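Per the numbering used here, residue 1276 is the first one in the sequence shown, and the count goes up by one each step. Think of the CB as a built atom: it goes at the ideal place given N, C-alpha and C, for glycine as much as any other residue. Bear in mind that the values here come from a model prediction, so they are computed numbers and not experimental data. Below is one structure; the comments refer to it alone.
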Amino acid sequence: MLTLAAGFLGAAALTAAEIKNSDCLDCHSDKTLTSTNAAGVVRSMFADAAILAGSAHAKTTCASCHADLTSKHPDDNVAALPVNCSHCHEKESLSYGTSVHGVARVDHVRNGAHAAPQCMDCHGTHGILAAELPASPLHRSNLAKTCGQCHEQESRDVLESVHGKALAAGRRDAPTCSDCHSEHNIKALKNASSLAISQGTCGKCHASERLNTKYNLPPDRVKTFFASYHGLAAQYGSTRAANCGSCHGAHRIFPSTDPRSSIFVTNLSATCGKCHPGASANFAQGKIHIDVEAATAGGNLGERINWWVRKLYLGMIVTVIGLMAAHNAGIFLRKAAARARRGGPTVLRMDFSQRSQHFVLAFSFIILALTGFALKFPDSWIAVLLGSNEGIRRWGHRIAGVVLLVTGVYHIGYVLTTRQGRSLIKDMMPNAKDARDVAANARYLTGLAGTRPKFGRFGYAEKMEYWAVAWGTVIMGATGLMIWFKLGTTHWLPRWSIDVATTIHYYEAILACLAILVWHFYHVIFDPEVYPLNRACVDGRVPAEWYAEEHALDRRPGNGSPAQSKHMNSISMKRQNDNSSATTVPLTSFKPGNRAAWLIGGNAICDAVPATPQHLCRLVLLGAPGVGKGTQADLLHQWSGACHLSTGDIFRAAKSLPPAEVTPAMQNAIGFMKRGELVPDQTVLAIVTERVRCLRCGGGYLLDGFPRTVAQADALETLLKKENLPLTAVLDYDLPVDQIVERLAGRRVCSSCKGITHVSGKSAAPEVCPHCGGKLIQREDDRPEAVRVRMEAYHRSTSPLTEFYRQRGLLLTISAEGTPAEIFQRTKDALASRLQGKTAGTR
Ligand code: AMP
């Protein structure tokens, strides 16, 4: 049909200009002019020039509508085709084509199905008027009658209904046919979804505050419908759920007080019965529009009960769930704190400056995300939480944005001007190994490889994060400033650049937030090995064991990786101080096991973290050289798990460092030791304070050789008070000088393995080391005359110390006579009363 029409249009193009209205009216002004069609129906061919002149088409020529006719008409005896309005009214015509009328029309033309209206059936022919004119058949007041030409019953119903009455009363807002069914794209609402009818058709007016106020209608009909069972079902896609029309009717709508209404009290059973066969009057009594909030004391009994039940449940939910949450939050916090206390050795992952930068970045990011979301979705719950206040949203966002940018600039300064910053950026640089690691990890994660790659200070995941943050800050900062300073931006750039910046800003924000959730939060929170939080952002430290596993290849001087000492035969351990000065110490210098943190200091990690101790011992051991203090310390360590911390061992360990790696202070201390003098208090205290984490160790500690002076004891007391790590006792091993002299006279040191052996002074056997066969030698200061001098010196310096601890009730004097086992039994007996109830975790 369209092709035909197009053909006629093409032909008409030649003739339309030539045929004047006067040519047509020559014949068609004759009132008696008729034609008879093929069916024998006689039709008037009269065209009233006056009507044409008063119509909306007054300025349109006859030939422009009857474009199929040529100047040969009527001699060619070809009847005029129906006028094709789409020539000028294309949009309306397309809408009509998809409407029920248009579809039925095609069916009619093609298949002879029953007639369907076309344009002129509603709009008229020569006398077409604009729909706003009261004389138009499409005017609001006439439309029901016009539609009633075909839809008689519906038209009668509408005119009789509350809507029809309002229309008749001249209420401009009253709905007519086209308000519900649309104009050209007319739809039958019979099979429309419940949601479409309730929301899109009836809801259009009944949810309008303006109309409800104006016509004194209940303000909440649509809201309360959607809160009802029917409304909820409709929202969740039910096609069978009752909609407004199911109960109120479609065209015959009356107020509920009107006996003709389908919701008049006596008609309710029948209305409900349409969907609920057998619905009784009692069943039909229930409220359909449920407004629990409004159903207060003023409602009927059912409503009041319902109101109270609801209040009761809300209160119960808040209380029960609130208490549950508080209870579990308490457990969580307790457990997290206990876990943090149990701790074990840690290494420094983020220094103070890095932590501060991370904190400001995280804080500003969270504010940006919240306020940004609220700006984009002003009706969302986040916006409500922010007080639904545009000023707070906008300025909160801008201030946080500025803070983020300033942090970014500070960070650039940090990486350019500080040693730690330069080291950080160097280690953050992506390299070929990262690409290999990604591939290797992919193989591991998919089960193609049995081991996962080892990472250095930063793995590819951390590098990706770091550079994504850098990139995101630049992008968000640039686009954010463009949006903020729109006027200035459009001074230089086209207006559309703001739209592009807004789009980038929005999607980059989504990308960043999701990346933080999925990537960063996994690594720092949800990873089972760090859950509930990787504490590096709080105190900068991470568990040494975890670090060894995750960053085994961190070879930075000063950032000790125990994995290296554990898994590599290079037999070296590293240490790190917070200032990153570092050194490598031959592992052979130390007993493998649990004292690396004490002996090396800095961030060195003990291979074996003490297990939860049976008896939490925090002891100071006193005793002259040769009383067997070292042996007792070993036994106490095995018995309680407490770590043997000897200050003398620190200095001896430092002696085996390569000269370049010995700090001047330590070099000085070694000098004192070599001369047999005491190291100055300040140096010793600095060294102990630096190793304070050993005192915090969950296994307890056995301080041996420290304190040596009252000044040291004072300082230790202050430190332990501050750390809340009170001493359990001070063990003073006592042995007569003669026996000490005798014992030390038999003490030998292996010149090869440095092991200690005791020999009988009377033995004539050659003195060889029982462990390695090396030559045994006697230390100069173990000779009897030297021992007596040492004893005197010892008693001189120690007696004020024993007095110091006696006054505090901490001193336990233990006889060091007899075998090590006997002495140890005495030690345990002496400690028994002090240890009652003191187990792991007791402070
Ligand atoms: P020791 O093994 O405890 O006899 O200590 C060996 C050497 O280290 C001593 O002779 C001192 O030079 C030095 N030293 C160890 N601990 C201390 C301390 N608390 N105060 C001063 N010097 C110490």
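Closest to residue i by CA distance: which of the options is it?
i, options, result
"Ala1753", "Phe1539, Val1775 and Ser1921", "Val1775"
"Lys1562", "Val1595, Cys1522, Arg1535 and Thr1594", "Cys1522"
"Val1985", "Leu1970, Cys1972, Arg1770 and Leu1960", "Leu1960"
"Glu2067", "Pro2011, Asn1460, Glu1965 and Trp1821", "Pro2011"
"Pro1803", "Trp1821, Ile1674 and Ala1379", "Trp1821"
"Tyr1490", "Gln2082, Pro1450, Lys1996 and His1459", "Pro1450"
"Ala1917", "Arg1971, Ser2026, Glu1952 and Ile1925", "Arg1971"
"Glu2135", "His1383, Val1967, Phe1926 and Arg1966", "Absent from the structure is residue 2135, since the part of the chain shown begins at 1276 and ends at 2118."
"Phe1730", "Val1713, Pro1530, Arg1718 and Leu1720", "Val1713"
"Cys1422", "Asp1298, Pro1392, Met1948 and Leu1756", "Pro1392"
"His1795", "Gly1475, Val1635 and Tyr1741", "Tyr1741"
"Leu1680", "Lys1701, Ile1606 and Thr1748", "Thr1748"
"Asp1909", "Gly1377, Tyr2080, Ala1559 and Leu1978", "Leu1978"
"Pro2122", "Glu2055, Arg2054, His2033 and Ile1472", "Residue 2122 lies beyond the range of the chain shown here (1276 to 2118); nothing can be said about it."
"Ala1516", "His1505, Gly1439, Ser1319 and His1526", "His1505"
"His1526", "Phe1501, Glu1427, Val1622 and Ser1772", "Glu1427"
In three-state terms, what does DSSP make of residue i?
i, result
"Ser1339", "helix"
"Val1384", "helix"
"Lys1366", "helix"
"Arg2018", "helix"
"His1414", "coil"
"Lys2050", "strand"
"Ile1565", "coil"
"Pro1818", "strand"
"Tyr2008", "strand"
"Ser1237", "Nothing about residue 1237 can be read from this structure; the chain reaches only from 1276 to 2118."
"Ile2031", "strand"
"Val2043", "strand"
"Val2024", "strand"
"Gly1921", "In the sequence on display, residue 1921 carries Ser and not Gly. Strand at Ser1921."
"Thr2088", "strand"
"Val1954", "coil"
"Ser1319", "strand"
"Arg1893", "strand"
"Thr1863", "Low confidence applies here, because Thr1863 scores a pLDDT of 30, under 50, leaving its location unreliable; read the following figure in that light. If DSSP states are grouped into helix, strand and coil, Thr1863 belongs with the helices."
"Val1775", "helix"
"Gly1475", "helix"
"Tyr1976", "strand"
Cβ-heavy atom distance between residue i and the ligand AMP below 6 Å?
i, result
"Met1948", "yes"
"Thr1993", "no"
"Val1963", "no"
"Lys1922", "Per the sequence shown, residue 1922 should be read as Thr rather than Lys. Flag set: Cβ of Thr1922 near the ligand AMP."
"Val1681", "no"
"Arg1983", "yes"
"Gly1876", "no"
"Val1954", "yes"
"Val1959", "yes"
"Gly1725", "no"
"Phe1926", "yes"
By Cβ distance, which residues of its chain are closer than 6 Å to residue i, with the 5 residues on each side in sequence left out?
i, result
"Ala1405", "Ala1331"
"Gln1424", "none"
"Pro1982", "Ala1988 and Leu1991"
"Gly1478", "Val1497"
Near residue i, which residues of its chain fall below 7 Å by C-beta distance, leaving aside the five closest residues on each side in sequence?
i, result
"Gly1368", "Checking the displayed sequence, the identity of residue 1368 turns out to be Ser instead of Gly. Here the set comprises Cys1360 and Ser1361."
"Ile1657", "Leu1645, Phe1648 and Ala1649"
"Gly1548", "Ala1554"
"Leu2085", "Leu2002, Ala2004 and Val2005"
"Ala1324", "Leu1300 and Ser1304"
"Ile1642", "Gly1671 and Ala1675"
"His1798", "Ala1736"
Ordered along the chain, which non-local residues of its own chain (more than five positions away) have a Cβ less than 8 Å from that of residue i?
i, result
"Lys1248", "Since the first residue shown for the chain is 1276 and the last is 2118, residue 1248 is missing from the structure and cannot be characterised."
"Thr1682", "Gln1632, Val1635, Leu1636 and Ser1639"
"Ile1538", "Cys1522, His1523, Ser1531 and Thr1546"
"His1551", "Phe1558"
Quick one: does the C-beta of residue i sit closer than 6 Å to a heavy atom of the ligand FAD?
i, result
"Gly1980", "The model depicted lacks the ligand FAD and carries the ligand AMP instead."
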